[in-house]
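S.K.: With this note's numbering as the guide, the letters of the sequence shown map in order to residues 7 to 402.
Here you go, one structure.
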Amino acid sequence: MLFERIVFSLLCLGLLAYVVYRFIKTRNNMLLAMIAFQIIACMVNLLSLVHNVFPSNILQVYICVMGIFAPLALFGFEYFHVNIVKIVDLKFGDYHMKRGNYKAAIERFKKALTRDPKDGNIFSRLGHAYNALGDRRTAFDRFAKAVELNRNDYKSYYEIGIIFNELGKKSDAKVVLDNALRIKPDFTQASELLALVLCALGKYDEAITVYKDAIKYSPDNYQLYYSMGIVRTELRDFNDAKECYEKVIELKPDFYEAYFDLGQIHLLQGDGLEAERMFKRSLYDKDLAAKSYYQLAKVYILNDEEIKAVTYLEYAIELDASYRYKAESEPLFKKIKDYLTGIHMVSQAQMKLEQEINEKVNEKYSNSEYEQMELTDTPFNYMDKYSGRVDNGGKS
């Protein structure tokens, strides 16, 4: 038993010497705190050995933890190149990012960077923090450094692509987004952005190819089908566009924008019944209601149902008055031009009447006794004036 205690004490002293050596080499203040706890553990252990007594259970746990396990853990971190201080700084930085404390996060990430200046992941985190602060230039530099240190950092490529796109550098954005997708072909966000960049460059066929490739990895992503439908609509490939929108509705039946776009295509192709059905579905979205009513009015005009056309046009105008002027300028609504003119005249008359009423009200009350009193009297003599009291030195 004595031999075991002597070996244990020597092990504690050896580990203390190792931690002291690491402190001299790194000047890490956390190691200094550990050395202090280790010295206490070693002293208690040696005193108990000299006096041939056993420490209490609490002291034995303390000696084992601070004398053996803590320095062994430090040795393990060193051996496997795990910087525990850097990890702590990164965790605190991530915490500040979630709370929206971006400046505090930057300070933490910078501290972590001093521990490991070649960690591209830290530069990427810094890029996100600067981006959140609106400092695009510094964010770009940090993302670029992250990519330089880690050529497989597809997320940083994507972030650089976003910045290039915002700056109007579409060709540069295309290059970095291609890199992101080369590394991670199923990166849907990069595919969507690349397709938008290609459309901005007028390369619609390439954009469709990008969407098709993305759909291979995300066959249930309705947004990809919808975006591809928009591009096909732009190319006037209406049949292919319809297939895209129908797939969107199959995947997400409450995606009402797809119903509206389908209605427009059916209207262009002369299929009034299908157009009517689609526009009535898109009415469920309040943001689409006004223009859906307006398109329904067109459907009924084409079907020579003027009363229905007027009814739905009234609904559209009620939600958005600009549709009255839009209808006046469209030849399609020539059949109900008299109605539109009447609406315009009534609207003008109502505006004129309201203006006259407001002028009369302002004129009547601009010099009223009430207004003058508020400007010149105090609250106390105002009340006296209207209660019939006179201030006679406190006597009524």
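For every residue, glycine included, the Cβ atom is placed at its ideal position computed from N, Cα and C.
In this structure, how does DSSP classify residue 157 when only helix, strand and coil are distinguished?
M.R.: Here residue 157 refers to the residue found at position 151 of the sequence shown. Of the three classes helix, strand and coil, the one that applies to residue 157 here is coil, per DSSP.
S.K.: Pull up the distance between the alpha-carbon of residue 243 and that of residue 272, whole angstroms please.
M.R.: As a working note, residue 243 is residue 237 in the sequence shown. As a working note, residue 272 is residue 266 in the sequence shown. Each residue's alpha carbon lies about 13 Å from the other.
S.K.: Secondary structure at residue 25, three-state DSSP: helix, strand or coil?
M.R.: As a first step, residue 25 is located in the sequence shown; it is residue number 19 there, counting from the start. Reduced to three states, the DSSP call for residue 25 is helix.
S.K.: Across the stretch 155-169 and the stretch 122-134, are there enough close Cβ pairs to call them in contact, namely three or more that are closer than 8 Å?
M.R.: They touch, by the three-pair rule.
S.K.: For the alpha helix (DSSP H) that contains residue 134, what are its first and last residues?
M.R.: The residue labelled residue 134 in the question sits at position 128 within the sequence shown. Note, residue 134: alpha helix (DSSP H), 126-138.
S.K.: On the three-state DSSP scale, how would you describe residue 398?
M.R.: Translated into positions along the sequence shown, residue 398 becomes position 392. Its pLDDT being 42, under 50, residue 398 is placed unreliably by the model, and nothing is read from it.
S.K.: Apart from the five residues just before and just after residue 76, which ones in its own chain have a Cβ nearer than 7 Å to its Cβ?
M.R.: For this step, residue 76 is matched to residue 70 along the sequence shown. Cβ neighbours of residue 76 beyond the five flanking positions: 40.
S.K.: Using CA atoms only, rank isn't needed, just tell me which of 203, 197, 246 is closest to residue 230.
M.R.: Your numbering for residue 230 matches position 224 in the sequence shown. Comparing Cα-Cα distances from residue 230 to each of 203, 197, 246, the minimum goes to 197.
S.K.: Taking the alpha-carbon positions, what's the residue 30 to residue 118 distance?
M.R.: Here residue 30 refers to the residue found at position 24 when the sequence shown is read from its first residue. Here residue 118 refers to the residue found at position 112 when the sequence shown is read from its first residue. Using only the alpha carbons, I get a separation of about 20 Å.
S.K.: Excluding the 5 residues preceding and the 5 following residue 251 in the sequence, name in chain order all residues of the same chain whose CB lies nearer than 6 Å to its CB.
M.R.: On the sequence shown, residue 251 is found 245 positions in, with the first residue counted as 1. Excluding residues within five positions, the ones whose Cβ falls inside 6 Å are 235, 264, 267, 268.
S.K.: Let's test the definition: count the other Cβ atoms within 10 Å of the Cβ of residue 216 and tell me whether it reaches 16, buried, or not, exposed.
M.R.: To locate residue 216, count along the sequence shown from 1; it is residue 210. Classification of residue 216: buried, given that the 10 Å Cβ count is 16 or more.
S.K.: Among residues of its own chain, excluding the 5 on either side of residue 224, which ones have a beta-carbon nearer than 8 Å to its beta-carbon?
M.R.: Working through the sequence shown from its first residue, we reach residue 224 at position 218. So the qualifying residues of the chain are 192, 194, 230.
S.K.: Do residue 254 and residue 232 have their beta-carbon atoms positioned less than 7 Å apart in this structure?
M.R.: The residue you call residue 232 lines up with position 226 of the sequence shown. The residue you call residue 254 lines up with position 248 of the sequence shown. Result yes, Cβ atoms of residue 232 and residue 254 sit closer than 7 Å.
S.K.: In whole angstroms, give me the CA-to-CA distance for residue 295 and residue 315.
M.R.: By 1-based counting over the sequence shown, the position of residue 295 is 289. By 1-based counting over the sequence shown, the position of residue 315 is 309. When rounded, the distance between both Cα atoms is 15 Å.
S.K.: Is the beta carbon of residue 183 sitting closer than 7 Å to the one on residue 200?
M.R.: As a working mapping, residue 183 is identified with position 177 in the sequence shown. As a working mapping, residue 200 is identified with position 194 in the sequence shown. Closer than 7 Å, so yes.
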